[in-house]
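Take a look at the structure set out below.
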Amino acid sequence: MVTKVNNEFLDIFELAKNIFPLNRSLTGNGVRDTLELIKDLIPEVNVYEVASGTKAFDWTIPQEWNIESAYLEGPDGRKICDYKQNNLHLVGYSEPVSKLMTLSELQPHLHSLPDQPNAIPYVTSYYGNTWGFCITEIERSKMVDGVYKVHIKGSKVKGSLTYADVVLKGKSTKEVLFSTYICHPSMANNETSGICVLTFLAKWVAGLSNRFYTYRFVFIPETIGSIYYLSRHLKHLKKNVVAGFNVTCIGDERCFSFLPSRNGNTVSDRVSMHVLKKMDPNYKTYKWSNRGSDERQYCAPGVDLPIASIMRSKYGEYPEYHTSLDTLGAVVTRNGLLGGLNALKESVMCLESNYFPLIKTIGEPQLSKRKLYPKTSIKSNQELARIYLDLTTWSDGTKSLLDIAENMGVYMLEILPYLMILEENKLVTLNRMPVK
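Printed below as a string of structure tokens:
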């Protein structure tokens, strides 16, 4: 059984505040700076560079993109959009530009949201050769005819893509995979939250003694990162990964959300629903057809890893999504981050404790001679005895503790101590696999 070790480290919301301002994209120095912050907390993290042009299945690693400065200056000399004030003002992967343009010439390069007039939208063009600015609809409506100065100073050249992972070994070579993406700039739920929660989860798992499973934590740019990672580790992952979670949008205080794996009935799916039913009975369940993050790659045909997603407000389903309104404090809070972290911790503990118990006696064991059956028949004592009897009746070696908990209609971790007492009294054997 896993035991917990106390660890004191940086507050999760403080980490979020440090990560939030950094300009992350598929590549570039913002990603490196983010991974350095993670490495400060988890020294075991390994950081890798993959050269532009490297092939990964059907994809190619793109050029590296970095920005020094970018702004749009109006006819009156006032800066309307300034990358240094908010990195969402610049379309991701914009090419360097320095020119004067009329308003009509400029309009095709502007992006705003009429339905959210106070929001700066998040727009990217990773694999196209273009440029643009994102602006609130209110500011855009104030723009007048005249000559505008467009300034984008940076580079998009052959460089590298940066990602990181850390593998925390357990007694078994079988693995639990956690993955989040590091390619989004200043938005809190998507994806400052995933980076922070996964960092603190890895730190917590590193402090667990007697880990059974090996744990793999992956920090990658979305889509191209997971595709590259799979292209280099697919054989190993298919052989060893028994459960896993794509970690995204996990920092607000709205209800939890669950997106299943493509299979829909893996242990990851079942543990996710079991934990969320306990933590938030009103959690939302989505279908595989609602997918949209890296679960697409981890569960793709030919890969088929058992990866599910536990989220707070699902990507694309909350009003601030992919806009400047997705902020720390207003959307993502300390309590929201801790709630998301706790859901994943509970999932880890369920996986670690998911034994296949086998009763050692023929027929019902005599609990009284082991002082597990009450001497007096009162309601509270009978309920305790019932837990032991229910555990033993289902302990045929073919059912996991998760199966047994669901048959009993209780939370798995609540009956775990009683199972351990049965094991201490040599009434059950705790197996890691079903007994044939």
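In the working numbering, the protein residues as written are 3 to 438. Don't be surprised by glycine CBs; every beta carbon is placed ideally from N, CA and C.
Roughly how many angstroms separate the alpha carbons of GLU97 and ILE222, rounded to a whole number? 23 angstroms
For the candidate residues ILE229, MET435, TYR217 and TYR375, whose alpha-carbon lies nearest to that of TYR420? The candidate whose alpha carbon is nearest that of TYR420 is TYR375.
Considering MET313, what are the terminal residues of the beta strand (DSSP E) in which it resides? 309-313
Are the beta-carbon atoms of SER259 and TYR300 separated by less than 8 angstroms? No; because the gap between Cβ atoms is not below 8 angstroms, this pair is not in contact.
Can you pull the DSSP bridge partners for PHE221? ALA166 and THR182
Might you give, ordered along the chain, the residues of its own chain that have their beta carbon closer than 7 angstroms to the beta carbon of LYS19, omitting 5 neighbours on each side? Closer than 7 angstroms at the Cβ level, and outside the excluded window around LYS19, lie LEU330.
Label MET189 either buried or exposed according to how many other C-beta atoms from any shown protein chain fall within 10 Å of its C-beta, with 16 as the threshold for buried. A buried status is given to MET189, since no fewer than 16 other beta-carbon atoms sit within 10 Å of its beta-carbon.
Any idea which residues DSSP pairs GLU75 with across the strands? When beta bridges are read from the DSSP output, GLU75 appears opposite LYS81 and LYS151.
Between GLN109 and LEU74, what straight-line distance do the alpha-carbon atoms span, to the nearest angstrom? 12 angstroms
Any contact between the segment 70-85 and the segment 246-264? By contact I mean 3 or more CB pairs, one from each, below 8 angstroms. no
So what's VAL305 in DSSP terms, helix, strand or just coil? coil
In its own chain, which residues sit with a C-beta less than 7 angstroms from the C-beta of THR175, not counting the 5 before and 5 after it? Exclusion of the five residues before and after THR175 leaves THR216 and ASN242 as the residues of its chain whose Cβ lies within less than 7 angstroms of its Cβ.
Let me know the secondary structure DSSP gives PRO359 once reduced to three states. PRO359: strand per DSSP, three-state reduction.
Opposing strand residues paired with MET103 [DSSP bridges]: TYR150
How long is the line joining the alpha carbons of CYS257 and THR56, rounded to whole angstroms? 40 angstroms
Alpha carbon to alpha carbon, how far is ILE140 from VAL305? Give it in angstroms, no decimals. 46 angstroms
If I'm right that PHE214 touches ALA204 with Cβ under 8 angstroms, what's the distance once you round it to whole angstroms? With 8 angstroms as the limit, PHE214 and ALA204 do not qualify as a contact, their Cβ atoms being about 17 angstroms apart.
For the alpha helix (DSSP H) containing THR431, list its first residue and its last residue. That residue, THR431, is in no alpha helix (DSSP H); its beta strand (DSSP E) goes 430-433.
Is there contact between the segment 150-168 and the segment 117-125, where contact requires at least three CB pairs shorter than 8 angstroms? no
Who does ILE69 pair with in a DSSP beta bridge? According to DSSP, ILE69 bridges with GLY156.
Can you check the segment 187-238 for any alpha helix (DSSP H) of at least 4 residues that lies completely inside it and give the ranges in chain order? 195-208
VAL144: which of LEU200, ILE82, ALA245 and ASP167 sits nearest, CA to CA? It should be pointed out that residue 144 corresponds to Lys in this sequence rather than to Val. Residue ILE82 is the option with its Cα nearest to LYS144.
Inspect the beta-carbon positions of SER263 and ILE226 and report whether they are closer than 8 angstroms. no
Test: LYS373 CB closer than 8 angstroms to a CB of chain D: Absent here is chain D; the protein component of the structure consists of one chain.
contact_flag[the segment 60-69, the segment 35-49] where n(CB pairs < 8 angstroms) is 3 or more: no
Quick check on TYR129: buried or exposed, where buried means 16 or more other Cβ atoms within 10 Å of its Cβ? exposed
If you draw a straight line from the C-alpha of LYS171 to the C-alpha of LEU353, how long is it? 15 angstroms
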